[in-house]
Every structure is written in structure tokens, then in C-alpha cells.
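Engineer: Here the sequence shown is numbered in this note's numbering, starting from 12 and rising by one per residue. Take this structure, written in C-alpha cells, and hold onto it; I'll ask about it next.
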Amino acid sequence: MERQQQFLTENDCYKAGRLIQPKGIMIHSVGVAQPNPDIFIHQWNQSKVPVCVHAFVTDSKVVQTLPWNYRGWHCGSGVNGSANNTHISIECCEPSGHTYQGGTMIGYNVERNQPFFQKLYDNLVKLCANLCQEFKLNPLQEGVLICHAEGFQKGIASNHADVLQWWPKHNMTMEQFRRDVQDELEGDEDMTQEKFNEMMTAYLEQRGVKAPAGWSEQARGWAEGLGVISGDAGGKKRYASFATREEIVQMLYQIFKNFKA
Ligand SMILES: [Zn+2]
12 MERQQQFLTE
22 NDCYKAGRLI
32 QPKGIMIHSV
42 GVAQPNPDIF
52 IHQWNQSKVP
62 VCVHAFVTDS
72 KVVQTLPWNY
82 RGWHCGSGVN
92 GSANNTHISI
102 ECCEPSGHTY
112 QGGTMIGYNV
122 ERNQPFFQKL
132 YDNLVKLCAN
142 LCQEFKLNPL
152 QEGVLICHAE
162 GFQKGIASNH
172 ADVLQWWPKH
182 NMTMEQFRRD
192 VQDELEGDED
202 MTQEKFNEMM
212 TAYLEQRGVK
222 APAGWSEQAR
232 GWAEGLGVIS
242 GDAGGKKRYA
252 SFATREEIVQ
262 MLYQIFKNFK
272 A
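Here it is as C-alpha cells:
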């Protein structure tokens, strides 16, 4: 997933620069058939625009438009828009080809748009899992990961239907979305050799500083006296860590050298 940053620095919301401690994420959809986020970014990056969000998601990328800990303007104003104080806002771009009539999608071709939706959805799940990790959010906890319409039901957002005017057409529910984000958080699908090596190094370091047990005290004294155990470059004896074959022959060599003399 490609990730870009294009902060809306000319938007009055960005200029206000109010900070929040993110307690959740609110998912929106743009409400027009426009898959290109640059259109919104261009329109919103100026003063006197009453809206501003943290990111746009499409089938091919994520564009972050506000620092995550900035207060966004995404779910109305006044008491009904209190989620602005708590929730990171993400706009899902919509594919082209449909129109709206009183909040209802007209002429939306589910079959044609399924690949777009699936790719956008996968990007959104990954982004939300990353944000949940960064801000220590539990996606399954009540009110944490919600859409605009759910925010309205909870009395913390203005009266909009997104994303429930759209996602159900693809048989997607917010319950399923929350589970998918949780699965992504738990999953080790993203384990790489590089990450494994990092974890292994950290694990060996932990073992390296672990104190040895009392039962080996006599043997340790003997081994150190003979120079069989002399510590690593940092002087650590690493008694609870592993020995390589190279270290083992070095130990044997020290022992035999001593007995030959
Ligand atoms: Zn919305």
C-alpha cells in the first residue's frame, strides 16, 4: 500500500492547530463518485473550507492530510460533533459512475465496483490496524472504530449516513470491519526475515543480561579461573545465552591448553 503525506496547510482547521489525544477512528465516505483524492485535497487546501480530515483512502493508496493528533473537522460542529475532539477521520473515496438522490446511491454498479471496493477496504483495514497500534486503541471496544452514521446514532456526530449508504451493497458491515482490523492487528502475516532477525537479536540480548542461577556457582568459578569463560567484547559473561560452535571450540581449546601445561 502506497502512503503519501499532503497536509492541508492552507485549511483553517490545520492552521488552528488544535491537538487531540486520539481515542478512536471515524470512517467516512466522500459522498460523490470521485475516486481521485487529489480533487478533494486541491479543493480543501484553502481557507474558509469548513471541513478537514486526517486521510483519504483509495484502491491504490492512502494520503494523509492532517497529523494524526490534530483535531479534524469531519463530523459536524457543536455538541453533535464532539467526535472531532476524540476521533481520527478517514475518508473513503468512492468509485465513479453513480449519483446521489437524498443520500441514496443511484446507478451504483456493485459488480463492476467490487474490485475497487475490495482494494480500498484492504488498504483501510491496514491503515486502521496501524493507527490502533500507534495509539493503543482496541478496535472491538465500543465506540472506538465507528463510521459517521454510527457516530450520529451515538450522538457524537452530525446526521450523515456514511458509510452505511454504501458498504452494505458489498455485503460489508461495520462489525465485520472491526473484526478484520482486529485480525490484522493479531496476524503475523507481515512477519519478514528482517523483523524476525530484529526480534531474535532482542531476545538474545535479553538472555545475555539474565543472571545465572546459584547451582552453577562453583562451575562458573572454575571456568572463569581457567579462562574458559571470559565474557564478550562488553565484558558480559552471558551465562543464560546460547553458545555458538565457534565459542564451544574456543572453550574446549582453553580447557585443553590449561591441562597440557
Ligand atoms: Zn461523513
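By construction, the Cβ of each residue, glycine as well, lies at the ideal position given by its N, Cα and C atoms.
For residue 73, which residues does DSSP report across the bridge?
Structural biologist: BP columns for residue 73 point to 14 and 68.
Engineer: Quick check: is any heavy atom of ligand 3 less than 8 Å from the C-beta of residue 39?
Structural biologist: Because ligand 3 does not appear in the structure shown, any question about it cannot be addressed here, the ligands present being ligand 1.
Engineer: Taking only heavy atoms of ligand 1 into account, decide whether any of them is closer than 8 Å to the Cβ of residue 85.
Structural biologist: Checking every heavy atom of ligand 1 against the Cβ of residue 85, one is found closer than 8 Å.
Engineer: Is it right to say residue 210 is buried, meaning 16 or more other beta carbons lie within 10 angstroms of its own, or is it exposed?
Structural biologist: Answer is exposed; the Cβ neighbour count stays below 16.
Engineer: Whose CA, out of 147, 56 and 179, lies closest to the CA of residue 119?
Structural biologist: Closest option to residue 119, Cα to Cα, is 179.
Engineer: Let me check understanding here. Comparing Cα to Cα, which of 212, 256, 43 and 99 lies closest to residue 141?
Structural biologist: That would be 99, whose Cα lies nearest to the Cα of residue 141.
Engineer: Quick one: Cα of residue 85 to Cα of residue 71, how far?
Structural biologist: The straight-line gap from Cα to Cα measures roughly 23 Å.
Engineer: Indicate the three-state DSSP secondary structure (helix, strand or coil) for residue 53 in the structure shown.
Structural biologist: DSSP places residue 53 in helix when its eight states are reduced to three.
Engineer: Helix, strand or coil, according to DSSP, for residue 144 in the structure here?
Structural biologist: The answer is helix: DSSP assigns residue 144 an H, G or I state.
Engineer: Just to confirm, does residue 294 get its C-beta within under 8 Å of one of the non-hydrogen atoms of ligand 1?
Structural biologist: Because the chain in this structure spans residues 12 to 272, residue 294 falls outside the shown range and cannot be described.
Engineer: Rounding to the nearest angstrom, what Cα-Cα distance links residue 81 and residue 22 in this structure?
Structural biologist: Taking the straight line from one Cα to the other gives about 12 Å.
Engineer: Can you tell me the Cβ-Cβ gap for residue 158 and residue 185, rounded? I've got them flagged as a contact below 8 Å.
Structural biologist: Between residue 185 and residue 158 the Cβ distance is about 6 Å, and since that is below 8 Å, they are a contact.
Engineer: Select from 112, 231, 67 and 92 the residue whose C-alpha is nearest the C-alpha of residue 131.
Structural biologist: Considering only alpha carbons, the answer is 67.
Engineer: If you drop the 5 nearest sequence neighbours on each side, which residues of the same chain put their C-beta closer than 6 Å to that of residue 14?
Structural biologist: Only 73 meet the Cβ criterion.
Engineer: Could you give the DSSP three-state label for residue 158: helix, strand or coil?
Structural biologist: Strand.
Engineer: Starting from the N-terminal side, write out each stretch of the alpha helix (DSSP H) that is 4 residues or longer and does not extend beyond the segment 208-268.
Structural biologist: Fully enclosed alpha helix (DSSP H) runs of 4 or longer: 228-237.
Engineer: With DSSP collapsed to three states, give me the class of residue 185.
Structural biologist: Note: residue 185 maps to helix in three-state DSSP.
Engineer: So the candidates are 253, 266 and 222; which of them puts its Cα closest to the Cα of residue 233?
Structural biologist: Of the listed residues, the one whose Cα sits closest to residue 233 is 266.
Engineer: Should residue 113 be listed as close to ligand 1, given that the test is whether its C-beta is under 8 Å from any heavy atom?
Structural biologist: It does not: the Cβ of residue 113 is nowhere closer than 8 Å to a heavy atom of ligand 1.
Engineer: Beta carbon of residue 166: closer than 8 Å to some heavy atom of ligand 1?
Structural biologist: No, the Cβ of residue 166 stays beyond 8 Å of every heavy atom of ligand 1.
Engineer: Using 10 angstroms around the beta-carbon of residue 156, count the other beta-carbons present and answer buried if the total reaches 16, otherwise exposed.
Structural biologist: Residue 156 should be labelled buried.
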